[in-house]
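Trainee: Each protein sequence line maps, in turn, to chains A and B. Taking this note's numbering, the leading residue of the first sequence gets 505, the next gets one more, and so forth. Taking this note's numbering, the leading residue of the second sequence gets 22, the next gets one more, and so forth. Where a beta carbon is used, it is the ideal one built from N, C-alpha and C, also for glycine.
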Amino acid sequence: ADRSIPAAKQKYVPSSGTYPKGFLAGSAHAGVKASNTKYDDIAMIVSEQPCAAGAVFTQNVFKAAPVQTSKMTLRDRKGESMRGVVVNSGCANAVTGLVGMEHADAMAQATDDCFGRASDGRGPQTLVMSTGVIGQRLPIDRITEAIPRAHKDLGSSHENWMKAARAICTTDTFPKLISRTFTLPSHPETQYSIAGMTKGAGMIAPNMA
Amino acid sequence: TLLGIICTDVKIQASSIRALLTYGNQNSFNSITIDGDTSTNDTVALLANGAAAPEGAPELSLPFDAKGAVIKGNVSEDVKAFEHILVRFMTDLAKLVVRDGEGATKFVTVRVISDTSRVAAKRAAVSIAKSPLVKTALYGKDANWGRILCAVGYAPGIMSTDIFRLHPQRTSVSFVPSDGSEPLRLVVRGEPEQVDEVRAKEILEMEDLEIVVNLADDLGSNQVYTCDFSHEYVTINGDYRT
C-alpha cells in the first residue's frame, strides 16, 4: 500500500528533533509481510554503551513470544546492562508456540551479535517487539539477515529516528516520534534529552503492567 | 498493537525505571482506547544511558521500602521533576496513537468527575470511550448524549450502587469545544437540556472534542482518550490477515 502521509496528519510529524546522547536508531527491509516489497519493517534502537531499561507489557493472557522473551530478559538482567530494542512489523509472532519463542530469541541474539555478545552469562541484552498478524510464524531467516543491515544503518540523525519510527508502523498513517530537552533541579546547567516513538492504529486498548 | 520505545540520556537506577514507567503508563498509554481490544503484544520500554549526566552526578533513584513500595515522602526533587516530564511525554505519545486510530477523524477526551472515587470515574470514562454507539455518533456528528449516559450506566461496578453510589438525578453531561468557547450542556443533574443542535453540530465538526460527565458535584476525576469509529475501521480490519 502507498504510505504517503495524509495531509491532515502531516502536522503531527516533526521535521527535526533533539535526540538523547549515545542512542542510535536504524532500520532495514526484511519483507516480513509478503505484500511489503519496499518499506523497512525492522527497526533497531540501541545505546552505544550498556544502559538501564524497563518495560511494561500487555496483561493479555495470550502473551506473544517477544513479550515473554523480553520479560525474561529484563528479569534475568534486573534491567541492567541492556543495549537496546529490535522490532519487526508485519507479524506479531503471537500464539506461535515454542518456535515463536525461538524466533524471538533469535532476533535478540542476532542483534546482540552486532555488538558482540555480553560475557556475563545473563542472556540477551536486547528487548524484542513484534507487531502485526497473530498466529503466523515469522520469516525468521529474512529477519535475522536484515538485522545486521539495520545495525549498519544506525545513526543519531533525525532521519535515522524517523525511519525507525516508520519501520515499526502497521496500519498507522504516520510515524509517531517526539523528542524534547529538559533540565533537572540539581544541575540546571545540564541539558538532557528524551525521545520516543510509538505505533498503534488498531487492537488498541492497552492494559499494561 | 501498541508499541513504544522511549530513550533518555539521564542516568536512572535500573530498579527505579520500572516504577517510573509504571506510574507514567497509568495515565497515558493505559488511558487510551481505539477499539477496546487489548493486544497480545503491547509493550512500552524505557531506556536510560546516563550519557548526558555530568561526571559524578548521582543516578535518579526512588526510595523503596522492604516490600518494594515507593516511600513517597523521600522522593528527590530530580526524580519528581523527571517523573513529571515522563508523564507528559508519555501522554503526548499516547495521544498521537489515538489521533491515528484506524479510521479515526476525531480526537476525543472523555473526562468523568466523581465524588466517590477515581476508580469509578475511570471505569465510567472507559465505558464511554469504548462504546461503539457513542463512537459512531461522534463520527456522524450526532449529539447523542443518551448513548453517553447509557454507557456510564453499565460500566463495570457502576451498576452496583453500593460501591459507587451513582445517582442518575445528579449526573450531568457537557461537550467542551476545543476552541475555548462555551461548553454545551446536554444534561444537567439528570434533566435534559434544550439542545441547540446547530451549536452541537459546530462543536462536533471540530477535530478535537471533550466530553465531560459529572457523576455528582465533586472532585475526583479521571480521563480517557479515544477517537470516533468510522466506516474506514471496518474496511481496514475486514481483510487484515489476508
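1) Using CA atoms only, rank isn't needed, just tell me which of E253(B), D249(B), G174(B) is closest to F128(B).
2) For C618(A) and chain E, any beta-carbon pair shorter than 9 Å?
3) Going by DSSP in three states, Q47(B) sits in which element: helix, strand or coil?
4) Buried or exposed: which applies to Q563(A), given that a residue is buried once 16 or more other Cβ atoms fall within 10 Å of its Cβ?
5) Taking only beta-carbon positions, decide if Q553(A) is within less than 9 Å of chain B.
6) Which residues, in order along the segment 49-64 of chain B, keep a beta-carbon less than 7 Å from a beta-carbon of chain A?
7) Mind checking the segment 679-691 of chain A against chain B and listing, in chain order, the residues whose C-beta falls within less than 8 Å of any C-beta there?
8) Using DSSP bridges, identify the partner residues of N62(B).
9) Which runs of the beta strand (DSSP E), 3 residues or longer, sit entirely within the segment 165-207 of chain B?
10) Against chain A, with Cβ distances strictly below 9 Å, would N152(B) count as a contact?
11) Nearest chain A C-beta to M111(B) closer than 9 Å, yes or no?
12) Give the straight-line distance between the Cα atoms of F85(B) and E76(B), rounded to the nearest whole angstrom.
13) Does any C-beta atom of chain B lie closer than 9 Å to the C-beta of K582(A)?
14) Could you work out which residues of chain A lie near P75(B), taking near to mean beta carbons separated by less than 7 Å?
15) Residues of chain B with CB closer than 7 Å to the CB of V560(A), please, in chain order.
16) Using the Cβ count rule (16 or more neighbours within 10 Å means buried), how would you classify L41(B)?
17) Can you give the Cα-Cα distance for N62(B) and K575(A), rounded to whole angstroms?
18) Could you give the residue range of the alpha helix (DSSP H) that holds E226(B)?
Mentor: In short:
1) Looking at the Cα atoms, D249(B) is the closest of the given residues.
2) As a matter of chain content, chain E is missing from the structure shown, whose protein chains are A and B.
3) Note: Q47(B) maps to helix in three-state DSSP.
4) Per the 10 Å Cβ criterion, exposed.
5) For Q553(A), the nearest beta carbon of chain B is closer than 9 Å to its own beta carbon.
6) Cβ contacts with chain A come from F50, N51, I53, T54, I55, D56, G57, D58, T59, S60, T61, N62, D63, T64.
7) For the segment 679-691 of chain A, the beta-carbon criterion of a distance under 8 Å to any beta-carbon of chain B is satisfied by K680, I682, R684, F686, L688, P689, S690, H691.
8) BP columns for N62(B) are empty, so no partner.
9) Counting whole runs of 3 or more residues, the segment 165-207 of chain B contains the beta strand (DSSP E) stretches 193-198.
10) The sequence as given places Ser at residue 152(B); Asn does not occur at that position. No, because no Cβ of chain A sits closer than 9 Å to the Cβ of S152(B).
11) Contact of M111(B) with chain A is assigned, a C-beta pair being separated by under 9 Å.
12) Those two C-alpha atoms are separated by around 26 Å.
13) Taking 9 Å as the threshold, the shortest C-beta distance from K582(A) to chain B falls below it.
14) The contacting residues are H691, T694.
15) Within chain B, L42, T43, N46, V65 have C-beta atoms less than 7 Å from the C-beta of V560(A), given in sequence order.
16) With 16 or more Cβ atoms within 10 Å of its Cβ, L41(B) is classed as buried.
17) Separation of N62(B) and K575(A) (C-alpha to C-alpha, rounded to the nearest whole angstrom) is 12 Å.
18) Residues 218-226.
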